[in-house]
Structures are given as structure tokens and as C-alpha cells.
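Engineer:
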Amino acid sequence: MSRRPELAERRCPVVERGREQYGIVIDAGSSRSTLFVYKWPSSRENNTGIVSQHSSCRVKGSGISGYANNPGNAGRSLKTCLEQALHDIPESSHKQTPLYLGATAGMRLLTDSKAEENVLTAVADTMRSYRFDFRGAKVLTGQEEGLFGWVTVNYLQENFIKYNWIGQWIKPRKRTVGAMDFGGASTQLTFETTKSMENPNSLMVLKLYEHEYKVYTHSYLCYGRDQVMKKVMFQMMKKQQFGPQVMNPCMPTGYQTNRTLGFIYNSPCIKEERPTNISDSSIVTFIGSSNPTKCKNYLQEIFDFQSCNFSKCSFNGIYQPRLTGDFMAFSAFYYTINFLKTTLKKDITTPHELEEAAKSICGDSIEQLREKAPTVKIERLVDYCTTSLYIHILTIEGYKFNNETFKNISFQLKAGDTEVGWALGYMLNLTNIMPAEQVYLHKSQAMEAWAVLIVLFIVVVVMGVVILLCSIHRKPTDNAV
Numbered sequence: 380m381s382r383r384p385e386l387a388e389r390r391c392p393v394v395e396r397g398r399e400q401y402g403i404v405i406d407a408g409s410s411r412s413t414l415f416v417y418k419w420p421s422s423r424e425n426n427t428g429i430v431s432q433h434s435s436c437r438v439k440g441s442g443i444s445g446y447a448n449n450p451g452n453a454g455r456s457l458k459t460c461l462e463q464a465l466h467d468i469p470e471s472s473h474k475q476t477p478l479y480l481g482a483t484a485g486m487r488l489l490t491d492s493k494a495e496e497n498v499l500t501a502v503a504d505t506m507r508s509y510r511f512d513f514r515g516a517k518v519l520t521g522q523e524e525g526l527f528g529w530v531t532v533n534y535l536q537e538n539f540i541k542y543n544w545i546g547q548w549i550k551p552r553k554r555t556v557g558a559m560d561f562g563g564a565s566t567q568l569t570f571e572t573t574k575s576m577e578n579p580n581s582l583m584v585l586k587l588y589e590h591e592y593k594v595y596t597h598s599y600l601c602y603g604r605d606q607v608m609k610k611v612m613f614q615m616m617k618k619q620q621f622g623p624q625v626m627n628p629c630m631p632t633g634y635q636t637n638r639t640l641g642f643i644y645n646s647p648c649i650k651e652e653r654p655t656n657i658s659d660s661s662i663v664t665f666i667g668s669s670n671p672t673k674c675k676n677y678l679q680e681i682f683d684f685q686s687c688n689f690s691k692c693s694f695n696g697i698y699q700p701r702l703t704g705d706f707m708a709f710s711a712f713y714y715t716i717n718f719l720k721t722t723l724k725k726d727i728t729t730p731h732e733l734e735e736a737a738k739s740i741c742g743d744s745i746e747q748l749r750e751k752a753p754t755v756k757i758e759r760l761v762d763y764c765t766t767s768l769y770i771h772i773l774t775i776e777g778y779k780f781n782n783e784t785f786k787n788i789s790f791q792l793k794a795g796d797t798e799v800g801w802a803l804g805y806m807l808n809l810t811n812i813m814p815a816e817q818v819y820l821h822k823s824q825a826m827e828a829w830a831v832l833i834v835l836f837i838v839v840v841v842m843g844v845v846i847l848l849c850s851i852h853r854k855p856t857d858n859a860v
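As numbered in the numbering used here, the sequence shown has no gaps in its residue numbers, which increase by one up to the final residue, 860.
1. List the residues that DSSP assigns as beta-bridge partners of Gln343.
2. With DSSP as the reference, label Lys574 as helix, strand or coil.
3. According to DSSP, simplified to helix, strand and coil, what is Leu761?
4. Going by DSSP, what residue range makes up the alpha helix (DSSP H) through Gln323?
5. Apply the 10 Å Cβ neighbour rule to Ile837 and answer buried if 16 or more other Cβ atoms are within range, or exposed otherwise.
6. Can you tell me whether Leu478 is helix, strand or coil according to DSSP?
7. Would you say Leu600 and Arg514 are within 8 angstroms of each other, going by their C-beta atoms?
8. Would you kindly work out how many angstroms separate the C-alpha atoms of Lys675 and Ile775, rounded to a whole number?
9. Determine whether the beta carbon atoms of Thr639 and Ser661 lie at a separation below 8 angstroms.
10. How far does the alpha helix (DSSP H) with Arg604 in it reach, from first residue to last?
11. Please classify Gln624 as buried or exposed, where buried requires at least 16 other C-beta atoms within 10 Å of its C-beta.
12. Start and end of the beta strand (DSSP E) containing Ala464?
13. Return the CA-CA distance between Pro469 and Trp419, expressed in angstroms with no decimal places.
14. How many angstroms separate the CA atom of Tyr534 from the CA atom of Met615?
15. With a 10 Å radius around its C-beta and 16 neighbouring C-beta atoms as the bar for buried, classify Thr765 as buried or exposed.
16. What does the alpha-carbon distance come out to for the pair Ser658 and Lys691?
17. Excluding the 5 residues preceding and the 5 following Tyr592 in the sequence, name in chain order all residues of the same chain whose CB lies nearer than 6 angstroms to its CB.
18. I'd like to know whether the C-beta atoms of Ser646 and Tyr602 end up nearer to each other than 8 angstroms.
19. Is DSSP giving Lys691 helix, strand or coil here?
20. Expressed to the nearest angstrom, what Euclidean distance is found between the alpha-carbon atoms of Gln679 and Asn695?
21. Return the bridge partner residues of Lys418 from the DSSP annotation.
22. Evaluate the contact criterion for the stretch 626 to 637 versus the stretch 735 to 748: three or more CB pairs, one atom per stretch, below 8 angstroms.
23. DSSP has His597 in a bridge; who is on the other side?
24. Within 10 Å of its beta-carbon, does Gln606 have 16 or more other beta-carbons around it, so buried, or fewer, so exposed?
25. Could you tell me whether the Cβ atoms of Phe665 and Asn627 are closer together than 8 angstroms?
26. Rounded to whole angstroms, how far is the Cβ of Ser789 from the Cβ of Gly562, which I believe are closer than 8 angstroms?
27. Tell whether a beta-carbon distance below 8 angstroms holds between Thr703 and Gln432.
28. Distance, Cα to Cα, Thr715 vs Ser767?
29. Should Gly742 and Pro671 be called a contact, given that it needs their Cβ atoms to be closer than 8 angstroms?
30. One question on the structure: do Asp560 and Gly481 come within less than 8 angstroms of each other, judged by their Cβ atoms?
31. Please state the DSSP three-state secondary structure of Ile666.
32. Going by CA-CA distance only, name the one from Thr531, Gly557 and Met612 that's closest to Cys648.
33. Between Pro700 and Met576, how many whole angstroms is the CB-CB distance? I'm expecting something under 8 angstroms.
34. Suppose contacts are defined by Cβ-Cβ distances below 8 angstroms. Is Ser456 in contact with Gly485 by that definition?
35. Indicate the three-state DSSP secondary structure (helix, strand or coil) for Cys648 in the structure shown.
36. If you drop the 5 nearest sequence neighbours on each side, which residues of the same chain put their C-beta closer than 8 angstroms to that of Gln620?
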């Protein structure tokens with residue numbers, strides 16, 4: 380059966396201006412955490428408003444899942460950004476500011492449930508010690524992550540509801556935009572569909588502002604950026620007989636890096652058995668060879684494009700209906716495409732242009748890459764070949780975008796001043812920012828009363844003008860008599 384998340388039906392009030400209110404969401408991703416402060420103009424009476432990003436703070440260190448063996452540090456890592464939030468939000472609003480933490484694929488990858496519990500307890504204890512209204516720390520499911528990203532995109536695009544020039548909420552019922560998220564441990568594809576679903580588990584039904592939305596969403600765990608890197612490294616090691624030195628065609632010539640076996644094998648995404656004679660502390664040296672063709676071949680090996688028990692699938696036997704409408708791609712999608720466009724000074728509007736741009740980066744030596752992108756950190760620079768080719772394979776061979784539909788993808792970091800991601804959609808769901816029904820009734824009656832008064836005023840004015848004109852018209856006649 381399809382699932383209906385807890386997004387209650389709301390109606391549309393007129394907004395009254397009041398003091399600003401705030402909300403905080405900590406996006407605890409697999410590789411890092413980011414604290415977002417949102418604000419909206421609101422009165423105590425209606426508790427509605429247009430939400431925008433007030434500030435953000437990137438937490439230093441790894442994501443909270445990286446502290447599984449030392450959970451206390453997970454909580455301590457958040458303190459600097461929580462202190463920053465105290466300064467960013469007026470002191471008079473601290474106690475009324477809801478504070479949430481949502482953890483994503485990094486925590487979903489933890490196989491030890493006790494470790495997960497300990498990490499969440501540690502971060503909750505830290506968050507509870509601040510003067511905000513702490514409302515919980517939880518691990519989001521993959522579908523929740525995808526769905527809330529979709530809600531964020533369409534809320535910011537004003538596809539659900541819009542605040543018009545006379546101070547009313549209106550429901551434009553525009554076509555919604557699909558959401559494509561690419562994080563460190565997973566990637567999500569979410570879009571509205573009118574087609575019947577062959578796999579009901581992929582269907583989420585939302586009712587927002589008297590409209591029902593049937594949304595397809597799927598989260599591909601282990602297909603985020605960091606986990607893809609590990610999966611590809613494993614494929615290279617396997618093909619090259621687990622030797623101490625491995626040629627890496629996805630890295631630039633002139634660059635090499637050392638990795639321990641534990642770095643690769645301790646990921647739950649590497650399911651194959653390791654050689655018995657190799658320990659976690661064993662060092663493998665990866666040597667760059669700048670070969671885009673071989674790099675692409677390794678990347679394609681981490682996908683299964685053959686298995687499918689439905690009429691159509693993306694990859695790994697996952698059902699996916701036909702793509703419809705426009706899409707917004709964010710997170711690592713944006714960073715990678717933006718790197719290609721700024722470094723190569725070329726637009727990327729077709730699958731061919733994306734592939735050619737990726738091949739260009741993959742064919743460069745480390746010296747050439749440094750010359751083209753001198754400000755990019757070296758550890759990030761050497762990974763752009765892999766992520767560029769991966770995005771091409773994922774979008775074209777995986778999600779089935781083609782020459783026509785690829786043009787419908789907009790690669791964005793922000794919508795307005797607000798960063799795109801699941802965090803805003805999550806807060807919209809868990810707070811009462813969305814207009815409430817009883818306020819709608821009250822405000823609508825108020826507007827109707829004003830409308831009646833205005834009409835009566837116009838009628839009185841018109842009648843007065845008519846009487847005046849009639850009296851003027853009669854005066855010459857009286858004089859003639």
C-alpha cells in the first residue's frame with residue numbers, strides 16, 4: 380500500500396505581520412553535519428509565514444556516524460554551531476525556537492543498533508542542554524529524505540502555495556518539480572506521477588492545501604559519493620589481484636594516495652569477502668593513470684542494469700515509472716556540474732556535453748588540473764573525474780534521462796537565499812508553519828466582511844453621484860417654467 384506521511388491538510392489564511400519566528404534543523408549527513416536556522420514572519424494568532432534561510436553553520440569534523448566508537452564526541456561536535464545559533468537568533472526567541480536533528484544515510488549504514496542509539500542519545504543530550512525547544516533527534520528513512528527534499532524544492536518554487544501582493548495565501552496548483560539529491564552515502568530520486576504504480580512501496584501520497592500528490596520516491600543506499608568511491612576502489616583492487624599497488628584510471632596521472640584496507644572494507648556497502656591474508660591495517664597505494672574509458676568501465680560494474688521484474692527499472696531491479704516534468708538536482712549534483720562548467724567554461728545542457736566534460740577532466744594530469752582549478756583542494760580535485768562520470772551513468776543509464784529530458788534538469792545550490800535539501804521540508808512537516816484550517820476560516824470571514832463594507836461604500840458613492848447629476852439636470856427645466 381502507498382504511505383501517507385504526517386503532512387496534514389492545511390488551508391490558506393491571510394497572513395498578518397508580526398515578529399519573526401525561528402526554527403533550527405541539523406542535517407546530520409554521512410560526511411558532515413550542517414545546522415540551518417530558518418525564519419518566517421508570523422503573529423501569535425496565525426503562526427504562518429514565508430520561510431527563508433536565516434543562517435547556516437557547517438559542523439567541523441565528520442558526520443555523526445563517524446563517532447560510532449566514541450559517541451560523546453558526536454554531541455560535542457555540534458556545540459560550536461549551536462553556540463552560533465544562540466547569536467543568530469534573538470535571545471527573546473530562544474525558548475520558542477524548535478530544534479530538530481535528522482540523520483541520513485550515514486546512520487542508516489550503521490549495522491550496530493546499539494551504536495546508533497548511543498550516538499543519537501549523545502547528540503540529543505547536547506541539544507537538550509541549550510535554551511531552544513528541543514523536539515527530537517532521529518534517523519530519517521531513505522523515502523523520508525527523498526520526500527522532504529521534494530517538499531523543499533516545491534515549497535521554495537511556490538508550487539504548493541503562494542503569498543500574493545494583497546497579503547493572501549493562494550494555491551496556484553502549478554506542476555511540481557522533481558527532486559534529485561546526491562549525498563555522501565545515498566542518492567534520491569523523487570517526482571510526482573499520475574501513472575499507476577507497479578510497486579506500491581515506492582509511492583507516497585501527500586495531501587497539501589486541499590490537493591493530493593502521488594509521489595514516486597526511491598533512495599539508493601550505498602550510491603552516494605563517498606560510498607561510490609569505495610565501491611570503485613574495491614573493483615580496482617579485485618581486478619588487480621589485491622596487490623599492494625593499484626592503478627586507478629579515475630585519478631590523474633602524477634597523483635597517488637595510500638588507503639588502508641579497513642577504510643574500504645569497513646563499509647557495509649562492500650559486501651564481498653576480503654582476502655583472508657590481508658588485515659585492516661594493510662596499506663594499498665592507488666596510482667593515478669588518467670584513463671576515462673577504463674574509469675567508466677569500473678563505474679558501470681557497480682550497477683546492475685539487467686535485473687528487472689517490472690515493465691521498467693532504473694538499476695539493481697528497482698522499479699521506476701517514466702520520468703515526467705522538470706527536475707532540480709542539488710547537493711553533489713550541483714557541486715560537480717558547477718565545477719565542470721566553471722573549470723571548462725562550457726555549458727552542460729545535454730548528455731553528450733556532460734560526458735565530454737567528464738572525459739576532459741578524467742584525461743588531465745594532476746598538473747593540468749591544478750592549473751585549471753588552482754583554488755580547489757587537492758583531495759576534492761582528484762575525485763571530480765569519478766563523480767562526473769558517475770553522474771553521467773546514473774542520470775542517463777540509471778534514471779533514463781535522454782537528450783530531451785536531460786534539458787529539464789536544473790542544477791541548483793539554492794532557491795532564492797535558501798539552500799536546497801531535505802531540512803526545510805522536514806521542518807515544514809514537524810512545525811505548524813503551514814497555514815492552519817481554523818485560521819483560514821477566521822481570516823476569510825474577516826476578508827469577506829471588508830469586501831461587503833467596500834461594496835456598500837461604492838454603492839453609496841455611486842448613488843450620491845447619481846442624485847447629484849439628477850439635481851443638476853433638473854435646474855434648467857425649473858428655470859424655464
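Note that the Cβ used here is the ideal one computed from N, Cα and C, for glycine as well.
Structural biologist: In brief:
1. For the chain, the structure presents residues 380 to 860; residue 343 sits outside this window and is missing.
2. In the sequence shown, counting from the first residue as 1, residue 574 sits at position 195. Residue state, collapsed to three classes: coil.
3. Translated into the one-based positions of the sequence shown, residue 761 becomes position 382. It should be noted that the sequence gives Val, not Leu, for residue 761. In the structure shown, Val761 sits in coil (DSSP, three-state: anything other than H, G, I, E or B).
4. Since the first residue shown for the chain is 380 and the last is 860, residue 323 is missing from the structure and cannot be characterised.
5. As a position in the sequence shown, residue 837 is number 458, starting the count at 1. Per the 10 Å Cβ criterion, exposed.
6. Here residue 478 corresponds to residue number 99 of the sequence shown, with the count starting at 1. Three-state result, Leu478: strand.
7. The residue labelled residue 600 in the question sits at position 221 within the sequence shown. The residue labelled residue 514 in the question sits at position 135 within the sequence shown. Not closer than 8 angstroms, so no.
8. Position 296 of the sequence shown, counting from 1, holds the residue named residue 675. Position 396 of the sequence shown, counting from 1, holds the residue named residue 775. Going by the C-alpha atoms only, they are around 13 angstroms apart.
9. If you number the sequence shown from 1, residue 639 lands on position 260. If you number the sequence shown from 1, residue 661 lands on position 282. Yes, the pair counts as a contact, with Cβ atoms nearer than the cut-off.
10. On the sequence shown, position 225 is the one that residue 604 refers to. Its alpha helix (DSSP H) spans residues Arg604 to Lys618.
11. The sequence position of residue 624 within the sequence shown is 245, counting from 1. When all chains shown are included, Gln624 counts as exposed.
12. Taking the sequence shown and counting its residues from 1, the one referred to as residue 464 is at position 85. No beta strand (DSSP E) holds Ala464; the alpha helix (DSSP H) holding it covers Lys458 to Asp467.
13. Along the sequence shown, read from residue 1 onward, the residue named residue 469 stands at position 90. Along the sequence shown, read from residue 1 onward, the residue named residue 419 stands at position 40. Rounded to the nearest angstrom, the two C-alpha atoms are 13 angstroms apart.
14. For the purposes of this step, residue 534 is identified with residue 155 of the sequence shown, where counting begins at 1. For the purposes of this step, residue 615 is identified with residue 236 of the sequence shown, where counting begins at 1. Cα-Cα distance, rounded: 43 angstroms.
15. Against the sequence shown, residue 765 aligns to sequence position 386. Thr765 comes out buried.
16. Counted from its first residue, the sequence shown places residue 658 at position 279. Counted from its first residue, the sequence shown places residue 691 at position 312. C-alpha separation (whole angstroms): 42 angstroms.
17. If you number the sequence shown from 1, residue 592 lands on position 213. So the qualifying residues of the chain are Glu571 and Leu585.
18. For the purposes of this step, residue 646 is identified with residue 267 of the sequence shown, where counting begins at 1. For the purposes of this step, residue 602 is identified with residue 223 of the sequence shown, where counting begins at 1. No, they are not a contact pair.
19. Numbered from 1 along the sequence shown, position 312 holds the residue referred to as residue 691. In the structure shown, Lys691 sits in coil (DSSP, three-state: anything other than H, G, I, E or B).
20. Along the sequence shown, read from residue 1 onward, the residue named residue 679 stands at position 300. Along the sequence shown, read from residue 1 onward, the residue named residue 695 stands at position 316. When rounded, the distance between both Cα atoms is 12 angstroms.
21. For this step, residue 418 is matched to residue 39 along the sequence shown. Bridge partners of Lys418: Tyr401 and Ser431.
22. yes
23. Residue 597 sits at position 218 when you count from the first residue of the sequence shown. Partner(s): Leu568.
24. As a first step, residue 606 is located in the sequence shown; it is residue number 227 there, counting from the start. Answer is buried; the Cβ neighbour count reaches 16.
25. Numbered from its first residue, the sequence shown carries residue 665 at position 286. Numbered from its first residue, the sequence shown carries residue 627 at position 248. Yes, the pair counts as a contact, with Cβ atoms nearer than the cut-off.
26. Counting from 1 along the sequence shown, the entry for residue 789 is found at position 410. Counting from 1 along the sequence shown, the entry for residue 562 is found at position 183. About 18 angstroms separates the two Cβ atoms, so there is no contact after all.
27. Sequence index remark: in the sequence shown, residue 703 carries index 324 (1-based). Sequence index remark: in the sequence shown, residue 432 carries index 53 (1-based). Cβ atoms of Thr703 and Gln432: not closer than 8 angstroms.
28. Looking up residue 715 in the sequence shown gives position 336. Looking up residue 767 in the sequence shown gives position 388. One C-alpha to the other measures close to 6 angstroms.
29. The residue labelled residue 742 in the question sits at position 363 within the sequence shown. The residue labelled residue 671 in the question sits at position 292 within the sequence shown. Cβ distance < 8 angstroms, so Gly742 and Pro671 count as in contact.
30. For the purposes of this step, residue 560 is identified with residue 181 of the sequence shown, where counting begins at 1. For the purposes of this step, residue 481 is identified with residue 102 of the sequence shown, where counting begins at 1. Not a contact, by the Cβ cut-off of 8 angstroms.
31. Working through the sequence shown from its first residue, we reach residue 666 at position 287. Note: Ile666 maps to strand in three-state DSSP.
32. Walking along the sequence shown from the start, residue 648 turns up at place 269. If we check each option's Cα against that of Cys648, Met612 comes out closest.
33. Along the sequence shown, read from residue 1 onward, the residue named residue 700 stands at position 321. Along the sequence shown, read from residue 1 onward, the residue named residue 576 stands at position 197. Indeed they touch by this definition, with Cβ atoms about 7 angstroms apart.
34. Against the sequence shown, residue 456 aligns to sequence position 77. Against the sequence shown, residue 485 aligns to sequence position 106. In this structure, Gly485 does not lie closer than 8 angstroms to Ser456 by Cβ.
35. Translated into positions along the sequence shown, residue 648 becomes position 269. Cys648 falls in the coil class under three-state DSSP.
36. Indexing the sequence shown from 1 puts residue 620 at position 241. Counting only Cβ-Cβ distances below 8 angstroms, and skipping sequence neighbours, we find nothing.
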